[in-house]
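These notes concern the structure reproduced below.
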Amino acid sequence: MENCSFEGINAFVHSLHLAVYIPIFIVGIILNVLALIVFCRVLKKWIESTIYMTNLALMDLLMLLILPFRIYTGTMQKTFCTFLETLYFIGMYGSIFTIVCICVDRYIAIKHPFHATTLRSPKKAFWACAIIWVFVWFGSIPVYDFHSDSYSNIRCFHNFSKTTWNAPVIIAVELFGFIIPMVVLVVCSVEIIKTLQKKNSHRGSVNRRACVRIIYANLLVFLVSFAPSHLGIFLQYLVRRDVITDCRAKQNISLFVQVSMCLSNVTCCLDSFCYYFVAKETLSTDSFRRTGRLRNCSLTTEV
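Just add 483 to wherever you are in the sequence shown, counting from 1, and you've got the working numbering.
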């Protein structure tokens, strides 16, 4: 049987983790903590977008707090390692679902402004975030079997058991964790952009063009961050089920998976750009009450 070594790849990935995770951890912690301070202490205005972005900041912080353990290359007690993997799973997919909720909320506000008052409210946004937490907690249950055939001390985020790579688990992760959220995000973003572009001839077209660029940027960040990692999960599934057996192919897939998972954590910092626009949005609600005109793209167009 061919001896396929991954030592060189693992050494490179460890260096990559040090180069990427350390600045992400430092910058991400600062930006997300500042965002929570702004939302909770400065703005003190719980509208839909601030609730969603507060939830996203909490999810990002959850992922960030796991990063130091992802750099560590030694073994850990299996129970503690499973706990860390569960928190990372919750943070990652909680972020994905929260991003989708933000996009759907923006879609309702811009595409259906006259129904927005009944479809959107801070209470509904709060319950949507609560449902996300419950859903990802229950969705993390399979993580407890990721090392079912391992000894008490293991390497975290490595060497998952054979039972982990079964079709039901991978299909659920790919379908509910990425494909469906991606489709919802793309459809809503396209409809928002089409609605805004139709109004370019009206007053405020400069602001709407800026909104379109923001939506394009958000969609691009989502796809670049999460599409490669989920493609890598599927390819690794083919490797673990012995569909792909060539050593060079397995080495390339291992490298691709680890690099894509590493880079997907950059969203913990990139989300801070969304926080800036949400802060502007919250301030714009005061202007709306005074002038009857709301200028921020995250809520609606001019009325």
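Virtual Cβ for every residue (Gly too), placed ideally from N, Cα, C. Fair warning: this is a prediction, and the values are worked out from it, not measured in the lab.
| field | Beta-carbon contacts of Ile716 that lie in its chain and below 8 Å, excluding the five residues immediately before and after | value | Reading the sequence shown from its first residue, position 233 is the one you call residue 716. Here the set comprises Ile653, Val656, Glu657, Val740.
| query | Thinking just about the alpha-carbon of each residue, which of Leu526, Phe489, Cys639, Phe659 is nearest to the one in Val619? | reply | The sequence position of residue 619 within the sequence shown is 136, counting from 1. It is Phe659.
| task | Pull up the distance between the alpha-carbon of Val673 and that of Phe709, whole angstroms please. | result | As a first step, residue 673 is located in the sequence shown; it is residue number 190 there, counting from the start. As a first step, residue 709 is located in the sequence shown; it is residue number 226 there, counting from the start. Near 19 Å, if we compare the C-alpha coordinates of Phe709 and Val673.
| request: Return the chain-ordered list of same chain residues with a C-beta closer than 6 Å to the C-beta of Ile512, the five sequence neighbours on each side being excluded. | output: Taking the first residue of the sequence shown as 1, we reach residue 512 at position 29. Closer than 6 Å at the Cβ level, and outside the excluded window around Ile512, lie Leu547.
| Count the other CB atoms within 10 Å of the CB of Thr601; is the residue buried (16 or more) or exposed (fewer)? | The count along the sequence shown starts at 1 and reaches residue 601 at position 118. Thr601 comes out exposed.
| request: Pull up the distance between the alpha-carbon of Arg524 and that of Met665, whole angstroms please. | output: The residue you call residue 524 lines up with position 41 of the sequence shown. The residue you call residue 665 lines up with position 182 of the sequence shown. Spanning the two alpha carbons is a distance of roughly 33 Å.
| Among residues of its own chain, excluding the 5 on either side of Ile698, which ones have a beta-carbon nearer than 7 Å to its beta-carbon? | If you number the sequence shown from 1, residue 698 lands on position 215. Counting only Cβ-Cβ distances below 7 Å, and skipping sequence neighbours, we find Ser672, Ile675, Ile676.
| task | Please report the residue range of the alpha helix (DSSP H) in which Arg603 lies. | result | The residue given as residue 603 occupies position 120 in the sequence shown. From DSSP, Arg603 is part of no alpha helix (DSSP H); its letter is neither H nor E.
| request: Can you say whether Gln719 is buried or exposed, counting buried as having 16 or more other CB atoms within 10 angstroms of its CB? | output: In the sequence shown, counting from the first residue as 1, residue 719 sits at position 236. Result: buried.
| message | Comparing C-alpha positions only, which one of Pro596, Ile593, Asp588 sits nearest to Ile530? | response | Start at 1 with the first residue of the sequence shown, and residue 530 comes out as number 47. The candidate whose alpha carbon is nearest that of Ile530 is Asp588.
| query | Relative to the alpha-carbon of Lys561, which residue among Tyr504, Asp628, Val521 has its alpha-carbon at the smallest distance? | reply | Walking along the sequence shown from the start, residue 561 turns up at place 78. When only C-alpha atoms are compared, the closest one is Asp628.
| Just curious, the alpha helix (DSSP H) that Leu499 is in, first and last residue? | The residue you call residue 499 lines up with position 16 of the sequence shown. Where Leu499 is concerned, the enclosing alpha helix (DSSP H) stretches over 490-520.
| query | In chain order, what residues of the same chain have a beta carbon less than 8 Å from the beta carbon of Cys745, not counting five sequence neighbours either side? | reply | Numbered from 1 along the sequence shown, position 262 holds the residue referred to as residue 745. Cβ within range, chain order: Val496, Leu499, His500, Val503, Tyr504.
| request: To the nearest angstrom, report how far apart Ile554 and Ile637 are at their CA atoms. | output: Taking the first residue of the sequence shown as 1, we reach residue 554 at position 71. Taking the first residue of the sequence shown as 1, we reach residue 637 at position 154. Rounded to the nearest angstrom, the two C-alpha atoms are 14 Å apart.
| task | Pick out whichever of Ala518, Ile520, Cys639, Val617 has its Cα sitting closest to the Cα of Phe566. | result | Position 83 of the sequence shown, counted from the first residue, corresponds to residue 566. Of the listed residues, the one whose Cα sits closest to Phe566 is Cys639.
| Taking just the CA atoms, how far does Cys584 sit from Tyr571? | Residue 571 sits at position 88 when you count from the first residue of the sequence shown. Residue 584 sits at position 101 when you count from the first residue of the sequence shown. Cα to Cα, Tyr571 sits roughly 20 Å from Cys584.
| said: Rounded to the nearest angstrom, what separates Asn486 and Arg696 at their Cα positions? | reply: Here residue 486 corresponds to residue number 3 of the sequence shown, with the count starting at 1. Here residue 696 corresponds to residue number 213 of the sequence shown, with the count starting at 1. Rounded to whole angstroms, Asn486 to Arg696 spans 50 Å at the Cα level.
| field | Simplified DSSP state of Ile637, which is helix, strand or coil | value | Residue numbering aside, residue 637 sits at position 154 when the sequence shown is read from its first letter. Correct three-state label for Ile637: strand.
| message | For Gly577 and Trp610, which I take to be in contact (beta-carbon distance under 8 Å), what is that distance rounded to the nearest angstrom? | response | Residue numbering aside, residue 577 sits at position 94 when the sequence shown is read from its first letter. Residue numbering aside, residue 610 sits at position 127 when the sequence shown is read from its first letter. Gly577 to Trp610, Cβ: 15 Å. No contact.
| query | Given Met542, which residues of its chain have a CB within under 7 Å of its CB, disregarding the five upstream and five downstream residues? | reply | As a working note, residue 542 is residue 59 in the sequence shown. The residues are Gly574, Gly577, Ser578, Thr581.
| said: Tell me the residue span of the alpha helix (DSSP H) that contains Leu570. | reply: Position 87 of the sequence shown, counted from the first residue, corresponds to residue 570. 561-594 is the extent of the alpha helix (DSSP H) around Leu570.
| said: Going by beta-carbon coordinates alone, are Ser623 and Thr537 separated by less than 9 Å? | reply: Here residue 623 corresponds to residue number 140 of the sequence shown, with the count starting at 1. Here residue 537 corresponds to residue number 54 of the sequence shown, with the count starting at 1. Cβ atoms of Ser623 and Thr537: not closer than 9 Å.
| task | From the DSSP output, in three-state form, read off Tyr720 for me. | result | Within the sequence shown, residue 720 is the residue found at index 237, counting from 1. Correct three-state label for Tyr720: helix.
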